[in-house]
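To start, the structure itself, in structure tokens.
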Amino acid sequence: MPCDDWALLFSHYLDSDLRVAGMPKADLDQFLSATVAPADKWKLLAPYWPAVRNTGYAQATRLAIRELYGVEDLSPATIRKVQSGYEQTRRAGFYRHILQDLAKIESCQVNSLGGAPFHESDMPTLLMQDLSIVGMFAGPNVGGLAAPTGIAVKSLADWHRVIAWWFERYAQYAVGVKSQNAYSRDIDYARVPAEQAEPVFTKVLQKEPVSAGERKLLEDHLFWVAVDQATAHGLPVKLHTGYYAGQNSMPLARLRANAGSATELCRLAPDTKFVFMHICYPHYEELLAAAKQWSNAYVDMCWSWIINPVAAKDYLKKHLVTAPANKLLPFGGDYIPVEPVLGHAIIARRGFAQALAELVEEGWLSLGGALELVEPIFHGNAHRLFQLAKKTEVLKRVAWGR
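Residues in the sequence shown are numbered from 0 upward in steps of one, following numbering that gives the first Met the number 0.
In structure tokens, the structure reads:
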């Protein structure tokens, strides 16, 4: 954690808007550091705040500050109140208070970043977990993932056994599997036979150079090993699509291919339920077409409400009159710090209400028909797709919970 003061609320996503607005990296590092006094941080933020305060990232943070600390907006006169509110909020139980009491979120699905594919959370029914498959096929992370299994990896078959071990141990507790490998490449994973991947895997084990083509061949093969395990264990497969977090690094041409590649995945694995995340922004029309065409394609609007709130509302409106409503997951906080999730939830509910109201006003939905969509989309779809009732009962009994 870079700091433990009010600036922490700016450390995820909004930090990128600040950099793009011109804030020098040295100033941002100071702003997020633990060495600068909280009261002195406003002067670092002030020159760039007017440029970013209306973005989705900033609005989520502003709404969180308003709801949690009672401060309408940041200024030299309000910083001390914000810091005081931050300190009073971050006490034992504040995750449940913010997520459940204030944001009215029943449970979360967490892609933990600690390195292991699955995190044994202290709050297993609130912070439900994905099983991360990135290290199983990208790299792959042989040392990190094999060590807990006790399997000595000397061949591709051994690595298959390592992957199977993680599923056998944790699939019953996971709500799905997750990959954000789209930050490194397109999601165009071909089904590559083991005999073609084996020589490349041997090179990786021996730390020999591997070409880009060879690396893709190995990743493609191992991707499907993990996905087939997920399918066998009844777990949906969540894949990052579209926009990248960060700044000054996104190859937009690559993103344009994501939706087309998504449909090929659906064709190659008709029994796998694919959850394509973030509406593939900015190419959401193409992903909507995929959701309409393919029975195993689902769209998760997580993160989209703060990337571009207006585009997210536009997507929701179009989805409801284009693709089946049960193919839609309307919200995901997608934050590291918990506080901005509250602001994000407010934005999503506002956008959802606006989308339904506009569809009613424009004659596409009746008022009754619009209201009938709320419960299944906000609640029922996720419950059915991720088997949340079943998972909750299993997670209530885990040894690592408290």
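Note that beta-carbon positions come from the ideal geometry of N, C-alpha and C, so glycine has one too.
Check	Outcome
G403 and G149 closer than 8 Å at C-beta	This structure does not reach residue 403, given that the chain is present from 0 up to 401, and the question cannot be answered.
D270 versus F93 - alpha carbon distance	40 Å
Inter-residue CB distance, K317 and Q353 (contact presumed, cutoff 8 Å)	Actually they do not touch by this definition, with Cβ atoms about 14 Å apart.
Sequence-distant residues of its chain with Cβ nearer than 6 Å to A256 (five each side left out)	D185
CB of L130 within 8 Å of CB of W165, strictly	yes
Given R168 as reference, the closest of H232, T54, V70 and D26 once Cα atoms are compared	H232
CA nearest to the CA of P192, picked from A173, H220 and G175	H220
Residue from L101, V133, A388 and T88 whose Cα sits closest to the Cα of V236	V133
Outcome for A229 when other beta-carbon atoms lying within 10 angstroms are tallied against a minimum of 16	buried
Counterpart residues of K237 in DSSP-defined beta bridges	K177 and V274
Straight-line Cα distance separating Q171 from T88	34 Å
Beta-bridge partners of D100, as assigned by DSSP	For D100, which the question treats as bridged, DSSP gives no partner whatsoever.
Rounded C-alpha distance that separates L8 from D14	9 Å
S131 in three-state terms, based on DSSP	strand
Exposed unless 16 or more other CB atoms sit within 10 angstroms - verdict on A33	exposed
Through-space distance from D333 to V109, alpha-carbon basis	8 Å
DSSP beta-bridge partners of V340	V340 is not bridged to any residue.
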